[in-house]
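See structure below.
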Amino acid sequence: MKEYETVIGLEVHVELATKTKIFCGCSTAFGGAPNTHTCPVCTGMPGSLPVLNKQVVEYAMAVGIATNCEINRKNIFDRKNYFYPDNPQNYQISQLYHPICVNGHVDIQTEDGVKSIGIHEIHMEEDAGKLVHDEWEDCSLVDYNRSGVPLIEIVSEPDMRSAEEVIAYLDKLRLIVQYLGASDCKLQEGSMRADVNLSVREKGSKEYGTRTETKNLNSFKAIARAIENERNRQIDLIEAGEEVVQETRRWDDNKEYSYAMRSKEDAQDYRYFPDPDLVPVSIDDAWYDRVKAAQPEFRDEKKARYVKEFDLPEYDADILTGEKKLADLFEATTAICNKPKKVSNWLMGETMRLMKDRSMEASDLTFAPENLAKIIELVDSSAINNNVAKEVFELVFTDNIDPDQYVEEKGLKTVHDEGALRATVEQVIADNPQSVEDYRGGKEKALGFLVGQTMKAMKGKADPGMINKLLKELL
Amino acid sequence: MSLMQLTAVELGKKIKAGEVSVVEAATAALDAIEKRDAKYHCYVTVVDRETVLKKAAEVQAKIDAGELTGPLAGVPVAIKDNMCTEGLLTTCSSKILGNFVPTFSSEAVLNLEKAGAVILGKTNMDEFAMGSTTETSAYGVTKNPWNEEHVPGGSSGGSAAAVAAEECFYALGSDTGGSIRQPASYCGVVGMKPTYGTVSRYGLIAYGSSLDQIGPMAKDVTDVATILECIASHDPKDSTSVARTEEEYRFTDALVDDVKGLKIGIPRDYLGEGLDPEVKESILAAAKALEAKGAIVEEFDLSLVEYAIPAYYVIASAEASSNLERFDGVKYGYRAKEYEGLHQMYKKTRSEGFGPEVKRRIMLGSFVLSSGYYDAYYLKALRTKALIKKAFDKAFEKYDIILGPAAPTTAPKLGSSLSDPIKMYLGDIYTISVNLAGLPGITVPCGFDSKGLPIGLQMIGDCFAEKTLIRAAYAFEQTHPYTRANVEE
Chain A
196 MKEYETVIGL EVHVELATKT KIFCGCSTAF GGAPNTHTCP VCTGMPGSLP
246 VLNKQVVEYA MAVGIATNCE INRKNIFDRK NYFYPDNPQN YQISQLYHPI
296 CVNGHVDIQT EDGVKSIGIH EIHMEEDAGK LVHDEWEDCS LVDYNRSGVP
346 LIEIVSEPDM RSAEEVIAYL DKLRLIVQYL GASDCKLQEG SMRADVNLSV
396 REKGSKEYGT RTETKNLNSF KAIARAIENE RNRQIDLIEA GEEVVQETRR
446 WDDNKEYSYA MRSKEDAQDY RYFPDPDLVP VSIDDAWYDR VKAAQPEFRD
496 EKKARYVKEF DLPEYDADIL TGEKKLADLF EATTAICNKP KKVSNWLMGE
546 TMRLMKDRSM EASDLTFAPE NLAKIIELVD SSAINNNVAK EVFELVFTDN
596 IDPDQYVEEK GLKTVHDEGA LRATVEQVIA DNPQSVEDYR GGKEKALGFL
646 VGQTMKAMKG KADPGMINKL LKELL
Chain B
7 MSLMQLTAVE LGKKIKAGEV SVVEAATAAL DAIEKRDAKY HCYVTVVDRE
57 TVLKKAAEVQ AKIDAGELTG PLAGVPVAIK DNMCTEGLLT TCSSKILGNF
107 VPTFSSEAVL NLEKAGAVIL GKTNMDEFAM GSTTETSAYG VTKNPWNEEH
157 VPGGSSGGSA AAVAAEECFY ALGSDTGGSI RQPASYCGVV GMKPTYGTVS
207 RYGLIAYGSS LDQIGPMAKD VTDVATILEC IASHDPKDST SVARTEEEYR
257 FTDALVDDVK GLKIGIPRDY LGEGLDPEVK ESILAAAKAL EAKGAIVEEF
307 DLSLVEYAIP AYYVIASAEA SSNLERFDGV KYGYRAKEYE GLHQMYKKTR
357 SEGFGPEVKR RIMLGSFVLS SGYYDAYYLK ALRTKALIKK AFDKAFEKYD
407 IILGPAAPTT APKLGSSLSD PIKMYLGDIY TISVNLAGLP GITVPCGFDS
457 KGLPIGLQMI GDCFAEKTLI RAAYAFEQTH PYTRANVEE
């Protein structure tokens, strides 16, 4: 068999985090009873007119600057005409002729070092509504709550060659957008969606093969699987002497299989033309400069700074900066308690463990950095021991309780009164003659049991070091 | 004399003075509609008497309480049926919107209501404003009050005829390629298309969005200036709405009988082939009348006039083909009774719901936007539009006003226009370039042909120069007062 190279370009849709829709004042909040976040504009009522939400331009511009794009200073919106009930006007307002950002790139880390992935363009557009099929009534219903939610579409050049590069590129985009606060980029909830354009060619060939576009990819894993599958499907076709058909395919992640949705021959003519209801938006130098100046510290810079400024291990810095929310929590908590490594340990340890248990994403974290800082202080001052701290932290994690108050109210403070502890230890020794004998006979393990019994009797509020010391002394 | 003979401003004064009540005025209008509309068919929908009179009483109470003091407070009005009116059927004279009741009112209508207008009903029009005769309406033809065998013009034919037939005190129309000015001319009333962006398009059901503009239709220039002052506003809901200075919004300040030194240009191209000699004679006589009042009148070459019609029909149809996509049977309006699957539902709904002229323009518009033709047609038309605007800019360096006819002939006979659409499109030659260039234009009655049909004088101003137009139209009107159509009382 010949050697093949996979050529991949991505179209990534990102739902922007504006409070209101792109062309009307309706809420973009996820959920809500059907058609409650709607108005005449986003339901396409006759006579309604769109008015651009400038925040959309601002976010798109910010993403463009962060991905090294040139920013088009005169922005025109075009209508993309097609009939479908999720699209209330039967045209989508998008940008074809003058996308806001062009000619950018982002650098990704690959096995062979740094690779630059070209960004062909980024344009602004509106999302469509959602069709719901009612099995009982055998009819379709439409919910326009999502209609008019702002999107940017980031179109890459066909610069990627493997699923690993695709994932690295997507992760890079996700972090850039999250750091900008332009979107939460959740693949599962659809606030970030990627369509994969893929073709294969013989290694060394300069010509591109015929490409397909695969849609409905809801996780990084699905993307990796779909790429592998589509690459093999195309190679099999070529090896069998058949032709790859230019078409759009839909991925079914349960069946790990894609099927053809429509071929190029069925491709619609969208009859794009500039939307006469919207006026061109000019981006002047002042606006551009303001957005550029407001660019945050991105992941790579932040990572380097964490190592340098907080003396964190590279590993910690990498994990913490891998989610904007974790980095924010780290910085805010450290600012309060000034114990970076301890904060890092809590975030990478207990926090991530609890997130995993509950299948949460970092963006779902709600606890206040003040409360994590308080726990660290309580442990450091030996007011509570580690086990109690973990117990209290779980409540901080779930309900954002105030640890000081909670520890006080529940009487969880470690008992430092040696007299009281001595009495308990004496009692434990008296109650467990077998273990005492074992210890004296050289079984070190028996000591652990006695420590545990003492801690139990103290309801967990004892200092383990002190128990050890007393036990040894009395034995 | 019947109350219905009063102009809107005259009636407003009488209401203010307590000589006429709002209920009396509304009753007179409803009686006139009842008596005459079976004959002229100006209205698609007339609001029921109880609702109108209740509203009239409310407005009266506000006038009595001193809350409503404007010149149009209490004056009944007719609205073209392409402007949304909350809770009131709005059909665009199309079967596809035959059951459509809007949930909100258009901004222009709201502005009128704030000023104390009482809405009588919705006037007939060419379906979706596509046509020049009001004959493409799905709800029957409107007849010209000067001669029932003739059309009232279009597309705002119902509004023009309702004013001329004294079935309202004033009306709103909309003008995409002459749809206010041409029917005003055919029906012997005054109609004005303001500068693009002057009156909000919010709630106006779009035909050609970059060309559409709402404007007043009434018996005289004073009314038209007063109505415009009321409906013009900067509306943040319409991105193409323009904010103008307070002084610029005071259109009635221009009601001055003085054209001394006003420079008027008549494009030679407007007087050439195709223009009816009687119309030409009347227009030139009107120019003479203005000259006699001290205006300076001369002929000049405007150029590009012959390109306006093709450019217009490409742009307006392209926009219309997209604007009318939302009428699909899914959300509101007509839906075909029987169909299998979504695609057939769309197809049958739209095939059955739209009339032939609308379908023609949707097809034309879809064609010029389709891939491979976009550059050759749509882009070229946009460039032509820009050149036409330049030609006007150049003319306005020299002239304050451009003067000409509103249409090549007086109102044609019913049934004589639709069989030859190209000929019908050519009839828009004098009005269309005004929309392409976004300019204001006004039509005032200036005479009659030998058949006794009215002739309208069109005056065109530079962008935002409505006041110059109003002044010239007002001065001309002093030499040529309003003539009533012979409507039976």
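Protein chains in written order, with this note's numbering: chain A, 196 to 670; chain B, 7 to 495.
Don't be surprised by glycine CBs; every beta carbon is placed ideally from N, CA and C.
query, result
"Check whether the Cβ of Ile220 of chain B lies closer than 9 angstroms to any Cβ atom in chain A.", "no"
"Under 9 angstroms, Cβ to Cβ, is there at least one residue of chain A near Met89 of chain B?", "yes"
"Can you have a look at Thr251 of chain B and say buried or exposed, based on whether 16 or more other CB atoms are within 10 angstroms of its CB?", "exposed"
"Counting only C-beta atoms, is Pro229 of chain A closer than 9 angstroms to chain B at any point?", "no"
"Using DSSP's beta-bridge definition, name the partner residues of Met89 of chain B.", "B:Leu210"
"Do you know whose CA, among A:Tyr286, A:Ala212 and A:Ile531, lies nearest Val699 of chain A's CA?", "An answer regarding residue 699 of chain A cannot be provided, because it is not within the stretch 196 to 670 covered by chain A."
"Starting from Tyr286 of chain A, find everything on chain B with Cβ-Cβ shorter than 7 angstroms and list it in chain order.", "Ser328 and Glu331"
"From this set, B:Ala32, B:Thr51 and B:Glu141, which residue's C-alpha is nearest Pro362 of chain B's C-alpha?", "B:Glu141"
"Just to confirm before moving on: does the CB-CB distance between Leu393 of chain A and Phe415 of chain A stay below 9 angstroms?", "no"
"What beta strand (DSSP E) runs, 3 residues minimum, are completely inside the region 283 to 350 of chain B?", "302 to 306"
"In this structure, what does DSSP give as the bridge partners for Ile271 of chain A?", "Ile271 of chain A is not bridged to any residue."
"Which residues does DSSP pair with Val207 of chain A in a beta bridge?", "A:Ile349 and A:Ala389"
"Measuring only between beta-carbons, confirm whether Asp334 of chain B sits less than 9 angstroms from chain A.", "yes"
"Out of B:Gly122, B:Leu475, B:Arg366 and B:Val320, point me to the one whose CA is closest to Ser425 of chain B's CA.", "B:Arg366"
"Below 8 angstroms, can you find three or more Cβ-Cβ pairs linking the region 177 to 194 of chain B to the region 221 to 238 of chain B?", "yes"
"For the region 578 to 595 of chain A, list every residue whose C-beta sits within 7 angstroms of some C-beta in chain B, in sequence order.", "none"
"By DSSP's criteria, Ser477 of chain A is part of a beta bridge. Which residues make up the other side?", "A:Lys269"
"Using a Cβ-Cβ cut-off of less than 8 angstroms, list which residues of the region 109 to 138 of chain B approach chain A; keep chain order.", "Thr109, Phe110 and Ser112"
"Near Asp329 of chain A, which residues of its chain fall below 8 angstroms by C-beta distance, leaving aside the five closest residues on each side in sequence?", "Ser335 and Leu336"
"Does Arg274 of chain A come within less than 9 angstroms of chain B when only Cβ atoms are used?", "yes"
"So if DSSP puts Lys128 of chain B in a beta bridge, which residue, or which two residues, is it bridged to?", "B:Thr51 and B:Ile85"
"Against Val474 of chain A, what residues of chain B qualify as contacts under a CB-to-CB distance less than 8 angstroms, listed in chain order?", "Ser245 and Thr246"
"Going along chain A in order, which residues have a C-beta closer than 7 angstroms to the C-beta of Ala324 of chain B?", "Phe468"
"Take every Cβ of the region 437 to 444 of chain B, pair it with every Cβ of the region 390 to 402 of chain B, and state whether three or more of those distances are shorter than 8 angstroms.", "yes"
"Determine which residues of the region 376 to 399 of chain B have a Cβ less than 8 angstroms from any Cβ of chain A, and write them out in chain order.", "Ser376, Ser377, Tyr380 and Tyr384"
"Kindly list the residues whose CB is nearer than 8 angstroms to the CB of Asp379 of chain A, restricted to its own chain and excluding five residues on each side of it in sequence; keep chain order.", "Ala212, Gln373, Ser386 and Ser558"
"In terms of alpha-carbon separation, which member of B:Pro283, B:Leu308 and B:Ala298 lies closest to Ile272 of chain B?", "B:Leu308"
"Under a three-way DSSP split, which group does Arg426 of chain A fall into?", "helix"
"Would you please state the rounded distance, in angstroms, between the beta carbons of Asp229 of chain B and Val65 of chain B? I believe it to be under 8 angstroms.", "In fact, because the Cβ distance is near 18 angstroms, the residues do not count as touching under 8 angstroms."
"Nearest-angstrom Cα distance between Gln464 of chain B and Ala291 of chain B?", "13 angstroms"
"Quick one: which residues of the region 193 to 223 of chain B get their C-beta closer than 7 angstroms to a C-beta of chain A? List them in chain order.", "Arg207, Tyr208, Gly209, Leu210, Ile211, Ser215 and Ser216"
"Whole angstroms is fine: what's the gap from Gly242 of chain A's alpha carbon to Glu265 of chain A's?", "36 angstroms"
"Kindly indicate which three-state DSSP category Glu235 of chain B falls into: helix, strand or coil?", "helix"
"Please list the partners that Thr238 of chain A has in chain B, where partner means a Cβ-to-Cβ separation under 8 angstroms.", "Lys337"
"Measuring CA to CA, which of B:Gly447, B:Phe470, B:Ala63 and B:Lys22 is closest to Thr33 of chain B?", "B:Ala63"
"Determine the closest residue to Gly606 of chain A out of A:Leu560, A:Ala657 and A:Thr619, with distance taken between C-alpha atoms.", "A:Ala657"
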